[in-house]
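Since the structure comes first, as structure tokens, the remarks are kept for the end.
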Amino acid sequence: MAREEAEDTREDMVIDGVEEGHKPNYEVPDGFNSDYLMIYYGKFFPYAEMHKWMSYGNDGKHPGCDQSYFGRREFSFTLENDIYVRFQSFNDVADLENAIKKKCPFKIDIGPVYSVDPAKRNAYAQSGGNVFRPVERELVFDIDISDYDDVRFCCKGADVCSECWPLMTVAIKIIDTALREDFGFNHILWVYSGRRGVHCWVCDGKARRLDDGQRAAIVNYLHVHKGNEHSIKKVTLVGQTFHPFIGRSAEVVKEFFEEKFVSSQNLFSDEDRYEKILEMIPDESITSELRGKWQDKKRSRDDINVVRWGQLKHLLQSGKQKMLGVRRCVEEIMFTFTYPRLDLEVSKHMNHLLKAPFCIHPKTGRVCVPIDPKHCEDFDPSSAPTLSRLLEELNMGALGNGGEEVLENTSLGKSLRYFRSSFLHPLLKSCKEDIENAYAAKVQQSSNSLSW
Amino acid sequence: MEIVGSRRKSLLPPAGNAAPTIPLYRSAPELEVRLEDFELYAVHRLRVLKGISDALSRGKKPNEMENVVKELLKVHMSHPEASQVMNKDIISHFVLRLVYCREEELRKWFLSMETTLFRYRFLLETSEAQIALMAEFDLPYKTITNAEYENVKDKLNKVARSMNSSADTIYYKVPFEKVPDLVARREVFIMKGYAYVPRNQVLSLLVTHYRSNLSKALVLTNRKWTSMIREQEKDRLTPIVEALSTSYLGPDYSQPKDFGEISLRDIDQIARSSFPLCMRYLFEKLKEDHHLKHGGRMQLGLFLKGVGLKLDDALAFWKSEFSKKVGAERFDKEYAYGIRHNYGKEGKRTDYTPYSCQKIISSTPGVGDHHGCPYRHLREENLRAALNNMGVANRALEDVMDKVRNKHYQLACTLTFEAVHGASCDQGINHPNQYYSDSKTILESRNNSKGT
Numbered sequence: 140m141a142r143e144e145a146e147d148t149r150e151d152m153v154i155d156g157v158e159e160g161h162k163p164n165y166e167v168p169d170g171f172n173s174d175y176l177m178i179y180y181g182k183f184f185p186y187a188e189m190h191k192w193m194s195y196g197n198d199g200k201h202p203g204c205d206q207s208y209f210g211r212r213e214f215s216f217t218l219e220n221d222i223y224v225r226f227q228s229f230n231d232v233a234d235l236e237n238a239i240k241k242k243c244p245f246k247i248d249i250g251p252v253y254s255v256d257p258a259k260r261n262a263y264a265q266s267g268g269n270v271f272r273p274v275e276r277e278l279v280f281d282i283d284i285s286d287y288d289d290v291r292f293c294c295k296g297a298d299v300c301s302e303c304w305p306l307m308t309v310a311i312k313i314i315d316t317a318l319r320e321d322f323g324f325n326h327i328l329w330v331y332s333g334r335r336g337v338h339c340w341v342c343d344g345k346a347r348r349l350d351d352g353q354r355a356a357i358v359n360y361l362h363v364h365k366g367n368e369h370s371i372k373k374v375t376l377v378g379q380t381f382h383p384f385i386g387r388s389a390e391v392v393k394e395f396f397e398e399k400f401v402s403s404q405n406l407f408s409d410e411d412r413y414e415k416i417l418e419m420i421p422d423e424s425i426t427s428e429l430r431g432k433w434q435d436k437k438r439s440r441d442d443i444n445v446v447r448w449g450q451l452k453h454l455l456q457s458g459k460q461k462m463l464g465v466r467r468c469v470e471e472i473m474f475t476f477t478y479p480r481l482d483l484e485v486s487k488h489m490n491h492l493l494k495a496p497f498c499i500h501p502k503t504g505r506v507c508v509p510i511d512p513k514h515c516e517d518f519d520p521s522s523a524p525t526l527s528r529l530l531e532e533l534n535m536g537a538l539g540n541g542g543e544e545v546l547e548n549t550s551l552g553k554s555l556r557y558f559r560s561s562f563l564h565p566l567l568k569s570c571k572e573d574i575e576n577a578y579a580a581k582v583q584q585s586s587n588s589l590s591w
Numbered sequence: 005m006e007i008v009g010s011r012r013k014s015l016l017p018p019a020g021n022a023a024p025t026i027p028l029y030r031s032a033p034e035l036e037v038r039l040e041d042f043e044l045y046a047v048h049r050l051r052v053l054k055g056i057s058d059a060l061s062r063g064k065k066p067n068e069m070e071n072v073v074k075e076l077l078k079v080h081m082s083h084p085e086a087s088q089v090m091n092k093d094i095i096s097h098f099v100l101r102l103v104y105c106r107e108e109e110l111r112k113w114f115l116s117m118e119t120t121l122f123r124y125r126f127l128l129e130t131s132e133a134q135i136a137l138m139a140e141f142d143l144p145y146k147t148i149t150n151a152e153y154e155n156v157k158d159k160l161n162k163v164a165r166s167m168n169s170s171a172d173t174i175y176y177k178v179p180f181e182k183v184p185d186l187v188a189r190r191e192v193f194i195m196k197g198y199a200y201v202p203r204n205q206v207l208s209l210l211v212t213h214y215r216s217n218l219s220k221a222l223v224l225t226n227r228k229w230t231s232m233i234r235e236q237e238k239d240r241l242t243p244i245v246e247a248l249s250t251s252y253l254g255p256d257y258s259q260p261k262d263f264g265e266i267s268l269r270d271i272d273q274i275a276r277s278s279f280p281l282c283m284r285y286l287f288e289k290l291k292e293d294h295h296l297k298h299g300g301r302m303q304l305g306l307f308l309k310g311v312g313l314k315l316d317d318a319l320a321f322w323k324s325e326f327s328k329k330v331g332a333e334r335f336d337k338e339y340a341y342g343i344r345h346n347y348g349k350e351g352k353r354t355d356y357t358p359y360s361c362q363k364i365i366s367s368t369p370g371v372g373d374h375h376g377c378p379y380r381h382l383r384e385e386n387l388r389a390a391l392n393n394m395g396v397a398n399r400a401l402e403d404v405m406d407k408v409r410n411k412h413y414q415l416a417c418t419l420t421f422e423a424v425h426g427a428s429c430d431q432g433i434n435h436p437n438q439y440y441s442d443s444k445t446i447l448e449s450r451n452n453s454k455g456t
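Here the protein sequences line up with chains A and S, keeping their order.
For the first sequence, my numbering begins at 140 and goes up steadily by one.
For the second sequence, my numbering begins at 5 and goes up steadily by one.
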């Protein structure tokens with residue numbers, strides 16, 4: 140559709156230096172460099188939205204607003220030659236915009252809100268004590284698909300495809316549900332990391348004010364897949380019943396594992412792969428029985444992976460199995476493959492920096508766009524807008540009216556609309572209520588103390 | 005709390021009525037305290053807290069910790085008059101508040117240890133005492149109504165059964181961040197940000213409150229200390245308070261009694277078998293370079309004195325090494341005096357005490373120095389090589405390096421001791437001379453049993 144518009148306008152305009160019949164080339168070769176970035180920062184990066192988000196309602200329009208709030212937030216820039224500058228802070232949106240346009244950072248990270256302006260932290264170092272410290276920070280999560288390399292066989296390392304990406308979908312579903320249903324958080328933003336993972340930003344006031352110990356508690360609650368490449372058994376589910384969180388997550392895990400993953404990864408058709416699974420079963424008689432069955436390379440009509448998984452389940456869960464440890468193996472195997480693998484350190488510490496949404500990933504050129512958790516199965520990383528595509532769209536639209544309308548019609552438009560309507564507006568509404576209530580309470584309190 | 009001189013007998017009110025229970029230290033008691041008890045009680049309590057710290061770093065499990073705490077209290081916090089036990093408890097706590105309120109690191113440590121102490125003391129109490137204590141906390145949380153209970157009943161049961169325990173009947177609805185340890189272990193049901201805490205799990209809640217109250221109290225105490233007390237008490241309590249946080253609490257080894265003398269012939273052999281790494285390292289550098297700088301001469305020299313090396317032998321020992329580099333005459337002129345000084349035969353004739361681990365760890369060796377604590381001051385490769393020379397390898401070596409990485413230098417030394425001697429060292433290493441005497445004890449008993 141964009142192309143048609145461009146051709147229409149071409150008839151009305153005379154383009155200097157272009158001969159009749161010569162079609163302008165809008166194509167922009169794929170890539171990531173400071174020239175492209177400068178245009179992105181010039182035309183696309185949503186400064187106003189980011190500033191509104193990071194201000195959490197402190198826009199000066201209410202007497203209860205904290206004018207210093209935005210200025211106490213740490214940003215860090217990674218510049219072109221891998222130069223990393225921390226403790227950047229800005230007074231307002233213009234400051235932020237000018238700095239980004241001027242420095243053209245290859246990556247922007249967001250840190251905590253400190254007790255004082257981070258740029259002035261050294262002035263406070265002399266007074267001793269703990270004067271410069273983080274006071275607010277979103278609860279964040281970082282999930283990287285390369286942490287699943289031991290269980291995905293379609294890709295390795297930095298690659299991602301439509302067979303393994305759904306692991307991220309499972310992670311989003313399980314964690315998002317827990318954050319909302321169990322922990323009661325409402326203002327949650329999921330973002331594509333630009334290459335092979337997802338980030339989560341929990342922005343409720345209560346979440347921002349959690350200390351390190353409380354963050355660790357939440358992380359441990361969600362932590363089920365443990366151990367490293369040396370441990371054989373990474374998931375141990377004890378107890379006669381499951382904690383409701385585990386039970387709920389087990390359904391998501393099971394559905395994905397049985398209906399998609401076991402087949403897409405050929406977990407049982409390859410001997411090395413199924414041996415790894417058999418290792419997790421503590422009962423020799425069962426494993427040798429299964430091994431025997433599977434030596435037989437007979438082809439069946441149905442997917443061999445599904446068939447063999449069925450055989451394994453049948454043996455482990457049959458009425459004859461008295462030991463809970465054996466029955467539990469079924470869930471433990473499914474969890475081992477598909478339960479979310481969190482980077483604990485990212486979430487536990489208030490001062491951990493995380494990449495800002497709407498940055499561009501240097502290795503892929505893709506924009507870190509938000510993901511709607513309600514429709515996370517529909518997100519396809521290969522369709523995320525890229526820097527070069529946006530520039531192409533800009534070229535094509537540049538012949539029309541510039542400004543916001545152009546932005547809305549690019550492939551970034553949808554992400555921005557989602558960000559604003561599903562995340563930013565409800566968040567700001569809630570923040571304003573909090574500010575008003577806190578202010579009213581304070582006024583009430585001081586008027587109480589005045590009365591003798 | 006009033007501190008009185010030692011002439012007057014203390015006029016402490018008679019102990020309260022009920023069975024011994026845990027004081028909550030809400031406010032400084034109306035007691036008079038003798039000056040020597042001021043310091044003594046604090047030292048005893050400090051031994052308990054340090055014992056807890058040690059046990060935690062060694063990874064003791066909760067059930068083991070209960071016994072550890074029980075023993076520590078029995079050994080250090082008892083009093084000949086049963087009625088004074090509670091007073092000692094309260095007084096020692098408040099004195100240590102003064103000591104540990106003064107800096108952030110000190111506050112963190114004190115808070116952590118006192119909270120742990122509270123937790124295990126609670127667990128050691130009878131259930132009637134526990135219920136009484138709970139009432140004292142006066143928590144602002146409500147129990148859930150019958151209607152709420154019906155709503156979540158099966159989930160509450162699931163949680164109980166997942167822990168192989170039975171459901172309770174009374175539940176408190178509490179914001180989840182008030183019971184972080186229950187959340188972390190998935191031992192509580194949470195919904196929309198609230199934890200449903202059964203009465204039998206209420207300890208977690210109490211601990212959170214205890215910790216938070218103590219934390220606030222420490223900040224207030226610090227203010228009072230800096231603004232008023234420190235100056236007021238500068239001739240009486242302040243020096244005691246300032247010394248307490250850095251004190252080494254064990255025997256000083258300045259008068260070696262146990263093993264009598266060691267002769268020069270034996271030194272090489274006992275250095276190999278019984279010296280801790282710090283002294284072995286200095287000893288070997290001395291043999292290599294025929295010289296040590298001042299810090300090394302002090303650290304090793306005083307250690308040797310503590311080990312039982314007589315002055316004449318010490319002079320002969322150092323002379324034999326140094327004269328290889330600087331000549332006998334220069335040794336007599338420049339170095340002999342220092343050695344005699346260490347033995348109290350010169351100058352103000354102070355008989356210097358050998359350095360404790362604390363002192364050695366906090367020293368700052370410079371270029372060309374070989375003193376200090378090798379676990380802290382040596383680079384990793386050099387430390388590994390030194391440990392290999394002592395015969396520590398493989399698994400044991402990795403365990404030691406793990407402690408080093410976590411900055412638990414004394415524990416690293418303890419593990420080295422255990423690896424070298426093939427025996428456990430439960431109380432940990434706090435002094436190089438303790439390492440030596442423990443080592444001799446083990447080796448002598450082995451020789452004796454071999455002989456019989």
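Ideal Cβ placement from N, Cα and C applies to all residues, glycine included.
- When C-alpha distances from residue 171(A) are compared across 551(A), 557(A), 504(A), 509(A), the shortest belongs to 504(A).
- The three-state secondary structure of residue 498(A), taken from DSSP, is coil.
- The beta strand (DSSP E) runs lying completely inside the segment 266-336 of chain A and spanning 3 residues or more are 273-275, 278-283, 327-331, given in chain order.
- For residue 382(A), a Cβ of chain S is located within less than 9 Å of the residue's own Cβ.
- Within the DSSP secondary-structure output, residue 340(A) pairs in a beta bridge with 279(A), 328(A).
- Contact check between the segment 456-475 of chain A and the segment 386-395 of chain A: three or more CB pairs, one atom from each, fall below 8 Å, which counts as touching.
- Straight-line spacing of the CA atoms in residue 100(S) and residue 50(S) works out to 8 Å.
- With 16 or more neighbouring CB atoms inside 10 Å of its own CB, residue 162(S) falls in the buried class.
- Only residues of its own chain outside the window of five on either side were considered, and among them 119, 122 have a CB closer than 7 Å to the CB of residue 214(S), listed in chain order.
- Of the other Cβ atoms in all chains shown, 16 or more fall within 10 Å of the Cβ of residue 301(S); this residue is therefore buried.
- Boundaries of the beta strand (DSSP E) harbouring residue 202(S): 198-202, taken from the DSSP string.
- Taking CB atoms only, residue 571(A) has no neighbour in chain S less than 9 Å away.
- Around the beta carbon of residue 434(S), a 10 Å sphere encloses 16 or more other beta carbons of the protein chains shown; the residue is thus reported as buried.
- With three or more CB-CB distances shorter than 8 Å, the segment 322-337 of chain A counts as touching the segment 560-579 of chain A.
- Put simply, of 226(A), 433(A), 397(A) the residue whose alpha carbon is nearest the alpha carbon of residue 445(A) is 397(A).
- Partner residues in the beta bridge of residue 147(S), as assigned by DSSP, are 176(S).
- Contacts between residue 314(A) and chain S, judged by CB atoms closer than 7 Å, are missing: the closest CB pair is about 14 Å apart.
- Among the residues of chain A, none has a CB under 7 Å from the CB of residue 233(S); the nearest is roughly 18 Å distant.
- Put simply, the CB of residue 359(A) is near chain S, with a gap under 9 Å to one of its CB atoms.
- DSSP places residue 525(A) within a strand segment (E or B) once states are collapsed to three.
- With fewer than 16 other beta carbons inside 10 angstroms of its own, residue 453(A) counts as exposed.
- Contacts between residue 162(S) and chain A, judged by CB atoms closer than 8 Å, involve 380, 381, 382, 383, 386 in chain order.
- Residue 207(A) has its alpha-carbon roughly 8 Å from the corresponding atom of residue 256(A).
- Taken in chain order, the unbroken stretches of alpha helix (DSSP H) that lie wholly in the segment 335-374 of chain S and span 4 residues or more are 340-346, 361-365.
- Sequence-distant partners of residue 201(A) (beyond 5 residues in either direction) whose C-beta falls short of 6 Å from its own C-beta, in its chain, are 574.
- Chain order gives the chain S residues near residue 353(A) as 180, 181, 184, 187, where near means a beta carbon separation below 9 Å.
- According to the DSSP secondary-structure assignment, residue 247(A) is paired through a beta bridge with 216(A).
- In the structure shown, residue 30(S) falls within a coil segment according to DSSP collapsed to helix, strand and coil.
- Counting only runs of at least 4 residues, the segment 61-114 of chain S fully encloses the following alpha helix (DSSP H) elements, listed from N- to C-terminal order: 66-80, 89-104.
- Excluding residues up to 5 positions away in sequence, 37, 45 lie with their Cβ nearer than 6 Å to the Cβ of residue 95(S) in the same chain.
- Of all residues in the segment 303-331 of chain A, only 320, 321, 322, 323, 324 place a beta-carbon less than 8 Å from a beta-carbon of chain S.
- Residue 509(A) carries a strand assignment under DSSP once its states are collapsed to helix, strand and coil.
- Inclusion of residue 208(S) and residue 228(S) in the CB contact set at 9 Å is not warranted, their separation being larger than that value.
- Leaving aside the five residues that flank residue 27(S) on each side, the residues in its chain whose CB is nearer than 8 Å to its CB run, in chain order, 90, 93, 94, 97.
- The contact set of residue 523(A) on chain S, defined by CB atoms closer than 8 Å, is empty, because the minimum CB distance reaches about 33 Å.
- Selection 529(A), 308(A), 455(A) evaluated against residue 550(A) yields 529(A) as nearest (Cα-Cα).
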